[in-house]
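K.L.:
Number of protein chains: 2
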Amino acid sequence: MIVLGTVADMQGAAERLRREGRRVGVVPTMGALHEGHLTLIHKAKELADAVIVTLFVNPTQFIKGEDFERYPRNTDRDRELAARAGADVLFAPAAHTMYPEGYHTFVSVETITDVLEGAVRPGHFRGVATVVAKLLNCTKPHVAVFGQKDAQQAAVIRRLVADLNFDVEVVVVPTVRESDGLAMSSRNGYLSPADRAEAPVLFRALQRAERVILEGGRDPVTIKSTMEVMIRTGSSAAIDYLSIADAVTLQEQTILHSGREILISLAARFGSTRLIDNVQVVVP
Amino acid sequence: MIVLGTVADMQGAAERLRREGRRVGVVPTMGALHEGHLTLIHKAKELADAVIVTLFVNPTQFIKGEDFERYPRNTDRDRELAARAGADVLFAPAAHTMYPEGYHTFVSVETITDVLEGAVRPGHFRGVATVVAKLLNCTKPHVAVFGQKDAQQAAVIRRLVADLNFDVEVVVVPTVRESDGLAMSSRNGYLSPADRAEAPVLFRALQRAERVILEGGRDPVTIKSTMEVMIRTGSSAAIDYLSIADAVTLQEQTILHSGREILISLAARFGSTRLIDNVQVVVP
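In order, the protein sequences belong to chains R and D.
Here our numbering is used: the first residue of the first sequence is 1, the next is one more, and so on.
Here our numbering is used: the first residue of the second sequence is 1001, the next is one more, and so on.
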């Protein structure tokens, strides 16, 4: 695995790979790699001949008061994990490389960023869309792989890639979970042992909602009440939101129509640690 | 010259050219081609092995009340002129191809779009930046050629390309003028014969300002007064703005410093027809 830090080096390497006729895959990450990221890298290896992993803690997607400063960083470990997972290139630019003095350009995906994470974290998805556009131009991939754990991010990136005509296939990989169901996240390491023990209730509540829908439940209000009771009785978490929305438009549903793909998602805080999770289900 | 209308066909053709090792140039236009555009195509021929001309009257860069509907369109003539000038590919997508149902993504270049044309035409440069990002992704060029006539647009595109890491060289070609000095523009055809006869005063005023600066003038207020008097006495034009600004940041200057590159620019209306022009000068 080669490690590159400048845009010119990365674009030169990507251009050579493409000229050789190799299919290029990219896995954008903020580092702190865990099993979830490694699954994305393995998927990219299946889909492409050469896999680029990007490692960049993107300042523009952290809003004021969030954990940009304390976000876990361990470049040596990430480098080793990416290499062992089969990455061919690690692109790890410095912040001033990506956002030099005089930087002024931003990409916004409208409407679907007004809800869920976008409502709670204003500006977050502008930062995500901007850095993903930049990383696609730096790495020139044929295919880009993201995780379903960040469901709204995946929807935003699909929209961005389609709307700006990036010639890139977007592949979204199912969420990887701990044995007790907790979705893998770089932020799980912030949890106290007590909170870590309670956190799997989030996925259990999502599974319950999924089961209710598969068994004929059609009223989102009732389903969300059931989830809320489960989380409140099973943990000390503060719920940011519970959502039952259309999986593409992310518009909240008031009744569930047969055949529609639905995103059931939530965000909850254990102390200052904020966790998100989701499941998708097609209404039978 | 081949003519393509879909994004997939254009990207496929661009990808084949690149794989063959050919250098690809693009000249984005809104059609209504005139000698200015042909000069851009000739320049692209010098700089690239294969030249793509795009022809798309971009709705998102026209603001409410502007001339989108009546903007001159003559595809057959444009096709013939582009072919004769040496274009290898004409990319002429339909509006619904570029902005399909559900389109939601926009690119904004901040700060330098708050002044000059951006101040008078709010949202205009968001439309320009968005469509240029899309056209670069459709045509995958090594080099993109624009005209100095739209000076602020050129500055916005340089910023966009640098900030979003498009691997594209931006080349800006000097303004092509009629024999009496009027900058060539697709909108000149709207002018009445009387207005057409007066319009060259705009370039004469710019030349006067340039000469004053080259001869030691350092006070923008005085220089702009001289320009204003020339235009008011020499025509019936209504002046939108007169500007003496830094050529890169586009910030208005209160005193002219030796060695700095300055953009002298103006916009004026003859009836409902709005013309812009500019000259650049390095302060001696």
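Cβ atoms here follow ideal geometry from the backbone N, Cα and C, with glycine treated the same way.
#1: Interface residues of chain D around R:D114 at Cβ under 9 Å?
#2: Can you look up R:E252 in the DSSP assignment and give me helix, strand or coil?
#3: Along the beta strand (DSSP E) that carries R:V283, what are the first and last residues, could you check?
#4: Please decide whether D:E1110 counts as near chain R, where near means a Cβ-Cβ distance under 8 Å.
#5: Between which two residues does the alpha helix (DSSP H) harbouring R:L202 extend?
#6: By DSSP's criteria, R:A268 is part of a beta bridge. Which residues make up the other side?
#7: Can you find the residues in the same chain that come closer than 7 Å, C-beta to C-beta, to D:A1094, ignoring five residues on each side of it along the sequence?
#8: So, is the C-beta of R:H104 closer than 8 Å to a C-beta in chain D?
#9: Applying the 10 Å Cβ sphere with the 16-neighbour rule, what's the burial state of R:R159?
#10: At the level of alpha carbons, what is the spacing between D:V1120 and R:E66?
#11: I want to know whether the region 1196 to 1212 of chain D touches the region 1037 to 1057 of chain D - three or more CB-CB distances under 8 Å.
#12: Quick check: the Cα distance between D:A1083 and D:A1144, rounded to an integer number of angstroms?
#13: Measure the alpha-carbon distance for R:R292 versus R:A50 and round it to whole angstroms.
#14: Is D:E1178 near D:G1234, with beta carbons less than 8 Å apart?
#15: Where does the unbroken beta strand (DSSP E) through R:V156 begin, and where does it stop?
#16: Relative to chain R, which residues along the region 1140 to 1160 of chain D have a C-beta separation below 7 Å, given in chain order?
#17: According to DSSP, which residues form a beta bridge with D:A1050?
#18: If I follow the unbroken alpha helix (DSSP H) through D:S1179, where does it start and stop?
#19: What does R:A133 touch in chain D if you count any residue whose Cβ is under 7 Å from its own?
#20: Where do the ends of the beta strand (DSSP E) carrying D:F1062 lie?
#21: Per DSSP, what kind of secondary structure is D:P1246 in: helix, strand or coil?
#22: Name the residues in the region 245 to 256 of chain R whose C-beta lies less than 7 Å from a C-beta of chain D; which are they?
#23: With 8 Å as the C-beta to C-beta threshold (strictly closer), list the residues of the region 1045 to 1067 of chain D near chain R in chain order.
#24: For D:L1242 versus D:K1224, is the C-beta spacing smaller than 8 Å?
#25: What residues match up with R:V173 in a beta bridge as DSSP calls it?
#26: To test your reading of the DSSP string, which unbroken beta strand (DSSP E) runs of 3 or more residues are found completely within the region 1049 to 1131 of chain D?
#27: Identify each residue in the region 1008 to 1024 of chain D for which the Cβ-Cβ distance to at least one residue of chain R is less than 8 Å, and report them in chain order.
#28: Is the shortest distance between the beta-carbon of D:V1107 and the beta-carbons of chain R less than 8 Å?
#29: Can you pull the chain R residues whose beta carbon is under 7 Å from the beta carbon of D:N1137, in chain order?
#30: To the nearest angstrom, how far is it from the Cα of R:D114 to the Cα of R:G123?
#31: Which residues mark the beginning and the end of the beta strand (DSSP E) in which R:L4 is found?
#32: Would the region 1210 to 1218 of chain D count as touching the region 1251 to 1270 of chain D if we require 3 or more Cβ pairs under 8 Å?
#33: What residue does the alpha helix (DSSP H) around D:L1033 start on, and which one ends it?
#34: Is there contact here, the region 168 to 185 of chain R with the region 1022 to 1034 of chain D, by at least three beta-carbon pairs under 8 Å?
#35: What does DSSP give as the partner residues of D:K1261 in its beta bridges?
#36: Out of curiosity, what's the CA-to-CA distance linking R:A13 and R:L38?
P.N.:
The short version:
#1: In the first sequence, the residue the question calls residue 114 of chain R occupies position 114. In chain order: nothing, as chain D lies at least about 10 Å away.
#2: By one-based count along the first sequence, residue 252 of chain R stands at place 252. Per DSSP, reduced to three states, the secondary structure at R:E252 is strand.
#3: The count along the first sequence starts at 1 and reaches residue 283 of chain R at position 283. Careful: R:V283 lies outside any beta strand (DSSP E) and carries neither H nor E.
#4: Taking the second sequence and counting its residues from 1, the one referred to as residue 1110 of chain D is at position 110. Taking Cβ atoms only, chain R reaches closer than 8 Å to D:E1110, which makes this a yes.
#5: Taking the first residue of the first sequence as 1, we reach residue 202 of chain R at position 202. Where R:L202 is concerned, the enclosing alpha helix (DSSP H) starts and stops at 201 to 214.
#6: Sequence index remark: in the first sequence, residue 268 of chain R carries index 268 (1-based). In DSSP, R:A268 forms a bridge with R:I239, R:L275.
#7: Within the second sequence, numbered from 1, the residue matching residue 1094 of chain D stands at position 94. Counting only Cβ-Cβ distances below 7 Å, and skipping sequence neighbours, we find G1005.
#8: Here the question's residue 104 of chain R lines up with position 104 in the first sequence. So yes, R:H104 belongs to the interface.
#9: If you number the first sequence from 1, residue 159 of chain R lands on position 159. A residue is called buried once 16 or more other Cβ atoms fall within 10 Å of its Cβ, and R:R159 is buried on that count.
#10: For the purposes of this step, residue 1120 of chain D is taken as residue 120 along the second sequence, with counting starting at 1. For the purposes of this step, residue 66 of chain R is taken as residue 66 along the first sequence, with counting starting at 1. Approximately 37 Å, taken between the alpha carbons.
#11: Contact between the region 1196 to 1212 of chain D and the region 1037 to 1057 of chain D is absent, because fewer than three Cβ pairs lie under 8 Å.
#12: Numbered from 1 along the second sequence, position 83 holds the residue referred to as residue 1083 of chain D. Numbered from 1 along the second sequence, position 144 holds the residue referred to as residue 1144 of chain D. If you take the alpha carbons of D:A1083 and D:A1144, they lie about 18 Å apart.
#13: Not covered by the structure: residue 292 of chain R. The range shown for chain R is 1 to 284.
#14: By 1-based counting over the second sequence, the position of residue 1178 of chain D is 178. By 1-based counting over the second sequence, the position of residue 1234 of chain D is 234. No, the pair does not count as a contact, with Cβ atoms beyond the cut-off.
#15: Residue mapping note: residue 156 of chain R aligns to position 156 of the first sequence, counting from 1. Taken as a continuous stretch (DSSP letters only), R:V156 belongs to no beta strand (DSSP E), being part of the alpha helix (DSSP H) at 151 to 163.
#16: The residues in question are R1159, L1160.
#17: One-based indexing of the second sequence puts residue 1050 of chain D at position 50. Looking at the DSSP assignment, D:A1050 forms a beta bridge with D:V1024.
#18: On the second sequence, residue 1179 of chain D is found 179 positions in, with the first residue counted as 1. First-last for D:S1179: undefined, no H or E at that position.
#19: Position 133 of the first sequence holds residue 133 of chain R. Residues of chain D whose Cβ lies closer than 7 Å to the Cβ of R:A133 are, in chain order, L1164.
#20: Here residue 1062 of chain D is taken as the residue at index 62 of the second sequence, counted from 1. Careful: D:F1062 lies outside any beta strand (DSSP E) and carries neither H nor E.
#21: Translated into the one-based positions of the second sequence, residue 1246 of chain D becomes position 246. Checking the sequence shown, residue 1246 of chain D turns out to be Asp, not Pro. Secondary structure at D:D1246: strand, using DSSP grouped into helix, strand and coil.
#22: Here the close residues number zero.
#23: For the region 1045 to 1067 of chain D, which is checked against every Cβ of chain R, not one residue is closer than 8 Å.
#24: In the second sequence, counting from the first residue as 1, residue 1242 of chain D sits at position 242. In the second sequence, counting from the first residue as 1, residue 1224 of chain D sits at position 224. The answer is yes: Cβ separation under 8 Å.
#25: One-based indexing of the first sequence puts residue 173 of chain R at position 173. Partner(s): R:G147.
#26: Runs of the beta strand (DSSP E) lying entirely within the region 1049 to 1131 of chain D, each at least 3 residues long, are 1050 to 1055, 1089 to 1091, 1105 to 1109 in chain order.
#27: Listed by position along the chain: Q1011, E1015, R1018, R1019, G1021.
#28: Taking the second sequence and counting its residues from 1, one reaches residue 1107 of chain D at position 107. Chain R has a Cβ within less than 8 Å of the Cβ of D:V1107.
#29: Here residue 1137 of chain D corresponds to residue number 137 of the second sequence, with the count starting at 1. Correct list: L164, N165, F166, D167.
#30: For this step, residue 114 of chain R is matched to residue 114 along the first sequence. For this step, residue 123 of chain R is matched to residue 123 along the first sequence. Roughly 10 Å between the two C-alpha positions.
#31: As a first step, residue 4 of chain R is located in the first sequence; it is residue number 4 there, counting from the start. Per DSSP, the unbroken beta strand (DSSP E) holding R:L4 starts and ends at 2 to 4.
#32: Contact between the region 1210 to 1218 of chain D and the region 1251 to 1270 of chain D is present, because at least three Cβ pairs lie under 8 Å.
#33: Position 33 of the second sequence, counting from 1, holds the residue named residue 1033 of chain D. Counting along the chain, D:L1033 sits inside no alpha helix (DSSP H), nor does DSSP assign it H or E at all.
#34: Output reads no: the region 1022 to 1034 of chain D does not touch the region 168 to 185 of chain R.
#35: As a position in the second sequence, residue 1261 of chain D is number 261, starting the count at 1. Residue 1261 of chain D is actually Glu in this sequence, not Lys. In the DSSP secondary-structure assignment, D:E1261 is bridged to D:V1282.
#36: Within the first sequence, numbered from 1, the residue matching residue 13 of chain R stands at position 13. Within the first sequence, numbered from 1, the residue matching residue 38 of chain R stands at position 38. Across the structure, R:A13 and R:L38 are spaced so that their CA atoms are roughly 22 Å apart.
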